[in-house]
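For reference, the structure discussed in these notes is given below.
Chains as they are written, first to last, in the numbering used here: chain A, 1 to 329; chain P, 330 to 863.
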């Protein structure tokens, strides 16, 4: 068998994704400020999100204007620029149930794009201008900042400084919750990391929930996890791409979990076709050249799996289950 | 399919792995030539090519006789099925009492469910739940006629759901039981893209009944592997004239197909359950799942480490499948089996199936006896059953053949090839704790084997695949093994694991202390791995 056709047996992972459709979730009462087909620029408000929504009963003078999902605008009190607002939910015994609230926070688009779909109470979908680098999960809320190299290994909380405010940091293999909360407090807009352990993820999410409940909120902050929960270095192809984006404005979005960048002129260098990365096992995180598929082999635990032969940078070759390999395309 | 091609491919595109099988017509019969399983991220065309090219390289004469040559894979006919991630169904009712049976049926009918009742959830929270972007259908139900505790809330519930249906025209809405009387609240339903369907009320029994069948029909696309698995199981039961239980644990859901042949005046039948709760690892493994895996795990990892590994398993289910990774999978598979059993509670009262077939990607990474042990650890029914492994994941692709006669002919030809016999497992129940429970004599073609039956352990008798014997049990006390008695003579067949007599408790009780539990699990696994009785 030839190595080139065998290579297609290795699971492929797309390095750069385009187009990118980003979903911003809405809840009943949240007010979309855009409609399908609108163009949005970076930082444009696309919706208002209610902090503590409630359901009020109201009687509508003109029933024709009321339908489920439509915006309800109440009469303004004297001296106030605008009256209460809300969203018609359903008609019950001659009264409309309206989702409303007292405090609303703006949701801003962290990238430029075109609004594809608006569903009040459900979601706004925007097609981003640009391309994306997909992660396995994103924690926090959509954000934007200048990309900056933070650490090529593991970033500690003491390694942060105020000069990082407004940036999205690339921090290498792993990061802990303390570093993330400290980064958020110092004005860092986001973190890109290969792995976050489950404990650190839970701790950070709990901290994030407390922060969201506070009256005075910090700017949006997001963590993009590229690989998973265990410690392993980022792939060379990913590091090369992030290196090319360093110093430029990028966005992290949460649905899908992705780094979005709008650099049309950026030529993303294609990784060598036979370059493979080992995801798991004793060589996890290492990269090498795929030589050939060698059929089923017996591995530890009495398991028979399809295997491939990989040449590591030190010149040695090793047999790796095909499932433990990945290649960037 | 017609009878003209001499070879074809069967593809099962799972969420975690792709399984490809090559089938050829040899000496007037369809035979399995070879199979291959690779991670789902691999190119399916490359997988098919690799399989065909390997078959040609291994035996050019055989390949030539069925028209195979290198590079021909793309031109071969194929039967394809795919596993789909279950979609989300919001289940709502006026009362908690009415909600429970609806949720039980929906949860075993191919959907991921979220649920709320008007009794415990305020209208705003319920609207939020129904409007979530990943919700694809709403099941709103009531008793038929509605019970007294439901009537008060039904009108408001109908108004709320109708308003959501008006906003989300793409949603499928099922009005079950007494809720059908509120159809007029939904206005003109003929013009909307999503259907509004009237369904029967949720039954009180464990089986899904007509409502379950309706939900399964809506949930599973035509080429869905789990739908086809049901058809395949039914055909297999008809061919073998045996009760067949097919158990599948997948990345996004688990399924169980119980099929029985026509007997006397009773017709053949099929009961299919697809439970998203029986996925190998949930999207976000919670503490309950973690506790379950820790209970079955022999890894000795701390909770944080175990949670990380489960999270990794969810992200890349095909990776880290050797050594500890294989053990972790089998522990997670046992938890998933437990969820599958919990979603099919009525099955525990049925007679033990004559043949239990394990299928799905998770079983591909474990030796056959370890698969059998995982199954009997969780799905414990007194009696004797043959166990087999659908090692090439062929049953689902064959189940997709639309013509019943053609499907039957194909599976009849391939039955011996598609099932790797694991062996016969005998589980007596009602054993009293004592030094010895009795004796077993296995009368084989080459002689007899005798051994003591020790309560609480596993006894293994070497019985190779293709052989059969009579196992004569003499218990000191009365036990249950389908029938109740002290003396049983059972026809058994061999397999990769031989004859396994499982003298452990029914249901299985594990020590609370982690170290003792780990030792016991290790001992049971070692007894099968090394072929020694414990």
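The C-beta atom is built at its ideal place from N, Cα and C for all residues, glycine as well. Being a predicted model, the structure only gives us computed values, none of them experimental.
Check, Outcome
"Take residue 659/P and list the residues in its own chain whose beta-carbon comes closer than 7 Å to its own, dropping the five residues that flank it on each side.", "695, 699 and 703"
"Helix, strand or coil for residue 670/P per DSSP?", "helix"
"Please check the pair residue 460/P and residue 122/A, which I expect to be a contact at CB under 8 Å, by giving their CB distance rounded to whole angstroms.", "5 Å"
"Considering only their Cβ atoms, is the gap separating residue 182/A from residue 219/A smaller than 8 Å?", "no"
"Does the beta-carbon of residue 845/P have 16 or more other beta-carbons within 10 angstroms, so that it is buried, or is it exposed?", "exposed"
"Figure out for me which residue from 286/A, 238/A, 278/A and 89/A has the closest Cα to the Cα of residue 53/A.", "89/A"
"Taking only runs of the beta strand (DSSP E) that begin and end inside the segment 251-319 of chain A, which ones reach a length of at least 3 residues, in chain order?", "257-261, 275-278, 287-299 and 303-311"
"What's the C-alpha gap between residue 222/A and residue 590/P?", "57 Å"
"Report the neighbours of residue 28/A on chain P: residues whose CB is nearer than 8 Å to its CB, in chain order.", "453, 456, 457 and 460"
"Is residue 350/P closer than 8 Å to residue 342/P when the C-beta atoms are compared?", "no"
"Residues of chain A with CB closer than 7 Å to the CB of residue 378/P, please, in chain order.", "5"
"Using a Cβ-Cβ cutoff of less than 7 Å, which residues in the same chain neighbour residue 498/P once the five nearest sequence positions on both sides are dropped?", "521, 522 and 523"
"What is the DSSP secondary structure of residue 67/A, reduced to helix, strand or coil?", "coil"
"For the segment 448-526 of chain P, which segments carrying the alpha helix (DSSP H) assignment without a break, of at least 4 residues, lie completely within its bounds, in sequence order?", "452-460 and 477-496"
"What residue from 416/P, 735/P and 692/P has the CA that sits closest to residue 720/P's CA?", "692/P"
"Enumerate, from N- to C-terminal direction, the unbroken beta strand (DSSP E) stretches of 3 or more residues contained entirely within the segment 664-708 of chain P.", "684-688"
"If contacts are defined as beta-carbon pairs under 8 Å, then residue 588/P and residue 573/P qualify, I think. What distance do you get, rounded to the angstrom?", "5 Å"
"DSSP three-state label for residue 856/P, please.", "helix"
"List the residues of chain P that residue 68/A touches, going by C-beta distances under 8 Å, in chain order.", "492, 493, 495 and 496"
"Just to make sure I have the definition right: I need the residues of chain P whose C-beta is within less than 8 Å of the C-beta of residue 23/A. Which are they?", "462"
"When the cut-off is 8 Å and only beta carbons count, does residue 259/A lie next to chain P?", "no"
"Can you tell me the Cα-Cα spacing of residue 268/A and residue 241/A, whole angstroms?", "6 Å"
"Taking residue 260/A as the reference, which of 246/A, 159/A and 129/A has the closest Cα?", "129/A"
"Could you name the residues of chain A that residue 489/P contacts, counting a contact when the two beta carbons are closer than 9 Å?", "89, 90, 92 and 97"
"Need the endpoints of the beta strand (DSSP E) that residue 752/P sits in, please.", "748-756"
"Which bits of chain A does residue 611/P rub up against, with CB to CB less than 8 Å?", "Residues of chain A passing the Cβ test: none, with the nearest at roughly 13 Å."
"Residue 772/P bridges to which residues according to DSSP?", "777/P and 799/P"
"Any beta carbon from chain P within less than 8 Å of residue 230/A's own beta carbon?", "yes"
"Are there 16 or more other CB atoms within 10 angstroms of the CB of residue 11/A, so buried, or fewer, so exposed?", "buried"
"Using only the alpha-carbon positions, how far apart do residue 288/A and residue 132/A sit?", "25 Å"
"By the DSSP assignment, the beta strand (DSSP E) with residue 828/P in it spans what residues?", "827-831"
"Please name the residue, chosen from 643/P, 515/P, 437/P and 737/P, that lies closest to residue 501/P on a Cα-to-Cα basis.", "515/P"
"Give the C-beta separation of residue 9/A and residue 371/P to the nearest angstrom, bearing in mind that I take them to be a contact with Cβ-Cβ under 8 Å.", "5 Å"
"Whole angstroms are fine: how far does the CA of residue 416/P sit from the CA of residue 463/P?", "8 Å"
"So, with DSSP's three-state summary, where would you put residue 862/P?", "Any reading at residue 862/P needs caution, since the residue's pLDDT is 44, under 50, leaving its predicted position unreliable; the model's value is listed next. Coil."
"Answer yes or no: does any C-beta atom of chain P fall closer than 8 Å to that of residue 135/A?", "no"
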